[in-house]
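Undergrad: Once you've had a glance at the structure underneath, I'll fire off some questions.
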Amino acid sequence: MQTLQISIYVVAALVVLALLFDFMNGFHDAANAIATVVSTGVLKPHQAVAMAAFFNVLAVTVFPLTVAATIGKGTIQPWAIDHYVIFGALVGAVFWNLVTWYFGIPSSSSHALIGGLVGAAVAKSGTTALVSAGLIKTIAFIIVSPLLGFILGSLMMLLVSWLFVRSTPMKVDKWFRRLQLISASMYSLGHGGNDAQKTMGIIWMLLIAGGYSSTHDVMPPWWVILSCYTAIGLGTLFGGWRIVKTMGQKITKLKPVGGFCAETGGAITLFIATALGIPVSTTHTITGAIVGVGSAQKMSAVRWGVAGNIVWAWVLTIPASAFVASVAWWVGTKIL
0 MQTLQISIYV
10 VAALVVLALL
20 FDFMNGFHDA
30 ANAIATVVST
40 GVLKPHQAVA
50 MAAFFNVLAV
60 TVFPLTVAAT
70 IGKGTIQPWA
80 IDHYVIFGAL
90 VGAVFWNLVT
100 WYFGIPSSSS
110 HALIGGLVGA
120 AVAKSGTTAL
130 VSAGLIKTIA
140 FIIVSPLLGF
150 ILGSLMMLLV
160 SWLFVRSTPM
170 KVDKWFRRLQ
180 LISASMYSLG
190 HGGNDAQKTM
200 GIIWMLLIAG
210 GYSSTHDVMP
220 PWWVILSCYT
230 AIGLGTLFGG
240 WRIVKTMGQK
250 ITKLKPVGGF
260 CAETGGAITL
270 FIATALGIPV
280 STTHTITGAI
290 VGVGSAQKMS
300 AVRWGVAGNI
310 VWAWVLTIPA
320 SAFVASVAWW
330 VGTKIL
């Protein structure tokens, strides 16, 4: 990869923009981790976000940096990466996050970032800039992650219903209020492990392009790792309350047992994807799990109209963020 002459000031500004995206990722996706535990009344909102933020950051000690490697080296050809592409990708992702947050739509920060990278890289170099294997794997999991969340969430609900068939509703509620603290913590751990690494990959791309890091490095610098986990943790701490209501109550009414099953199914999905180095959407995953829990009780328990609107947002995420990123790439070539 050819090293570019990128001013340290431009690099610093783009790192700040990347960390802003990371903060927004946590802010936007806080609902994924805490919506069920808040809507079931197990924790108060501020208690829930504090717990989620803690486990987001704790993920630095648990997961290998496989997702960061996929983003940093497995989506866009190294020769196509420059500061203009990084700028365009981040602007496209931040724009889509703001739009969907404003309207309370639980869209994917992850796929907004992927769409931004694709749009900016194609605007610069055409489709030859894309690494098809990495992108196919990522795009496939747009379908696989909610489907796996759906299957695991519904199976967990059926298993729990069978195991506690002779228990009273009051006893079940008491047990799963406690267990939901564990499932929400594990989901937050998986959220931090997968999502913080995506921003690491972007910053790593930039550092390699500018000659501040080497393509032979097996992981980003430690300051990148720690700052990305801190940024997503702080974003989660502030929470995205507009989306909490959609995730927690509008799709289906949840009780503690349903919240536990949805979070556990979602957490297992995230752990598998992160181990495989696949950048998945925590939004897609938990939505699929919540729908699975609702449909395991009865199909009419799910508000399919709300779920359908969410799916439309998923479909539009990559093309919308890619379009904005391509425009931002052109603007970046004029101002950076």
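Per numbering that gives the first Met the number 0, the very first residue in the sequence shown carries number 0; after that it's consecutive.
Glycine included, each C-beta is placed from N, C-alpha and C at the ideal position.
Hey, VAL279 and GLY257: beta-carbon distance below 8 Å or not?
TA: Reading the sequence shown from its first residue, position 280 is the one you call residue 279. Reading the sequence shown from its first residue, position 258 is the one you call residue 257. Contact: no.
Undergrad: Is the beta carbon of PHE259 closer than 8 Å to that of LEU178?
TA: Here residue 178 refers to the residue found at position 179 of the sequence shown. Here residue 259 refers to the residue found at position 260 of the sequence shown. In this structure, the beta-carbon distance from LEU178 to PHE259 falls below 8 Å.
Undergrad: Suppose you measure from the CA of VAL159 to the CA of ALA47; what does that come to, to the nearest Å?
TA: As a first step, residue 159 must be located in the sequence shown, where it is residue number 160. As a first step, residue 47 must be located in the sequence shown, where it is residue number 48. Approximately 24 Å between the Cα atoms of the pair.
Undergrad: Which class does ILE75 belong to by DSSP, given the choice of helix, strand or coil?
TA: Looking up residue 75 in the sequence shown gives position 76. Strand at ILE75.
Undergrad: Exposed or buried, GLN4, counting other C-beta atoms within 10 Å across all chains shown (16 or more means buried)?
TA: As a working mapping, residue 4 is identified with position 5 in the sequence shown. Label assigned to GLN4: exposed.
Undergrad: Would you identify the three-state DSSP class for GLN248, choosing helix, strand or coil?
TA: For this step, residue 248 is matched to residue 249 along the sequence shown. Reliability fails at GLN248, whose pLDDT of 49 lies under 50, so the model's placement of it is uncertain and no value is given.
Undergrad: Let me make sure I understand the geometry here. Which of ILE267, GLY189 and VAL217 has the alpha-carbon closest to that of PHE54?
TA: Taking the first residue of the sequence shown as position 1, residue 54 is located at position 55. The shortest Cα separation from PHE54 among ILE267, GLY189 and VAL217 belongs to GLY189.
Undergrad: Can you say whether VAL314 is buried or exposed, counting buried as having 16 or more other CB atoms within 10 angstroms of its CB?
TA: For the purposes of this step, residue 314 is taken as residue 315 along the sequence shown, with counting starting at 1. Label assigned to VAL314: exposed.
Undergrad: Return the CA-CA distance between ILE142 and GLY265, expressed in angstroms with no decimal places.
TA: For the purposes of this step, residue 142 is taken as the residue at position 143 of the sequence shown. For the purposes of this step, residue 265 is taken as the residue at position 266 of the sequence shown. For ILE142 and GLY265, the distance between alpha carbons rounds to 14 Å.
Undergrad: For VAL15, is the classification buried or exposed, using 16 other Cβ atoms within 10 angstroms of its Cβ as the cut-off for buried?
TA: As a working note, residue 15 is residue 16 in the sequence shown. It is exposed - the Cβ of VAL15 has fewer than 16 other Cβ atoms within 10 Å.
Undergrad: Mind checking which residues open and close the alpha helix (DSSP H) that includes ILE138?
TA: Here residue 138 refers to the residue found at position 139 of the sequence shown. Per DSSP, ILE138 belongs to the alpha helix (DSSP H) from 131 to 162.
Undergrad: Spatial neighbours of SER213 within its chain, please: C-beta separation below 8 Å, excluding the five flanking residues on both sides.
TA: One-based indexing of the sequence shown puts residue 213 at position 214. Closer than 8 Å at Cβ, skipping near neighbours: ILE207.
Undergrad: Since LEU233 and PHE102 should fall inside the 8 Å C-beta cutoff, what is the C-beta to C-beta distance between them, to a whole number of angstroms?
TA: If you number the sequence shown from 1, residue 233 lands on position 234. If you number the sequence shown from 1, residue 102 lands on position 103. Going by Cβ atoms, the distance from LEU233 to PHE102 rounds to 23 Å, so no, they are not a contact pair.
Undergrad: Measure the beta-carbon distance from GLY192 to VAL56 and round it to whole angstroms, keeping in mind my assumption that it falls under 8 Å.
TA: Residue numbering aside, residue 192 sits at position 193 when the sequence shown is read from its first letter. Residue numbering aside, residue 56 sits at position 57 when the sequence shown is read from its first letter. Not a contact, Cβ separation roughly 11 Å.
Undergrad: Please state whether DSSP places ARG165 in a helix, a strand or coil.
TA: Here residue 165 refers to the residue found at position 166 of the sequence shown. Reduced to three states, the DSSP call for ARG165 is coil.
Undergrad: How long is the line joining the alpha carbons of ILE231 and ARG165, rounded to whole angstroms?
TA: Here the question's residue 231 lines up with position 232 in the sequence shown. Here the question's residue 165 lines up with position 166 in the sequence shown. Straight-line Cα distance between these residues: approximately 42 Å.
Undergrad: Straight-line CA distance for LEU275 to THR65?
TA: Along the sequence shown, read from residue 1 onward, the residue named residue 275 stands at position 276. Along the sequence shown, read from residue 1 onward, the residue named residue 65 stands at position 66. Roughly 7 Å between the two C-alpha positions.
Undergrad: Could you tell me the boundaries of the alpha helix (DSSP H) in which HIS82 lies?
TA: By 1-based counting over the sequence shown, the position of residue 82 is 83. Bounds of the alpha helix (DSSP H) holding HIS82 are 82 to 101.
Undergrad: For GLU262 versus THR39, is the C-beta spacing smaller than 8 Å?
TA: To locate residue 262, count along the sequence shown from 1; it is residue 263. To locate residue 39, count along the sequence shown from 1; it is residue 40. Their beta carbons are not under 8 Å apart, which means GLU262 does not touch THR39 by this criterion.
Undergrad: Go ahead and label SER6 buried or exposed: buried means 16 or more other beta carbons lie within 10 angstroms of its beta carbon, across all protein chains shown.
TA: Counting from one through the sequence shown, the residue named residue 6 turns up at place 7. By the 10 Å Cβ count, SER6 comes out exposed.
Undergrad: Compare the beta carbon distance of TYR211 and VAL41 with 8 Å and say whether it is the shorter of the two.
TA: Position 212 of the sequence shown, counted from the first residue, corresponds to residue 211. Position 42 of the sequence shown, counted from the first residue, corresponds to residue 41. It is not a contact, given that the beta carbons lie outside the stated cut-off.
Undergrad: Please report how far the alpha carbon of GLY114 lies from the alpha carbon of LYS333, in whole angstroms.
TA: Within the sequence shown, numbered from 1, the residue matching residue 114 stands at position 115. Within the sequence shown, numbered from 1, the residue matching residue 333 stands at position 334. Between GLY114 and LYS333, the C-alpha separation is close to 22 Å.
Undergrad: Indicate whether THR198 and CYS227 have their beta-carbon atoms separated by less than 8 Å.
TA: The residue you call residue 198 lines up with position 199 of the sequence shown. The residue you call residue 227 lines up with position 228 of the sequence shown. In this structure, the beta-carbon distance from THR198 to CYS227 falls below 8 Å.
Undergrad: Hey, THR281 and LEU269 are a contact pair by Cβ (cut 8 Å); roughly how many whole angstroms apart?
TA: To locate residue 281, count along the sequence shown from 1; it is residue 282. To locate residue 269, count along the sequence shown from 1; it is residue 270. The Cβ separation is near 7 Å, so the contact holds.
Undergrad: Pick from ALA52, LEU116, ALA17 and TYR8: whose alpha carbon is nearest that of SER236?
TA: In the sequence shown, the residue the question calls residue 236 occupies position 237. The question names Ser, yet the displayed sequence has Leu at residue 236. Checking every option, the nearest Cα to that of LEU236 belongs to ALA52.
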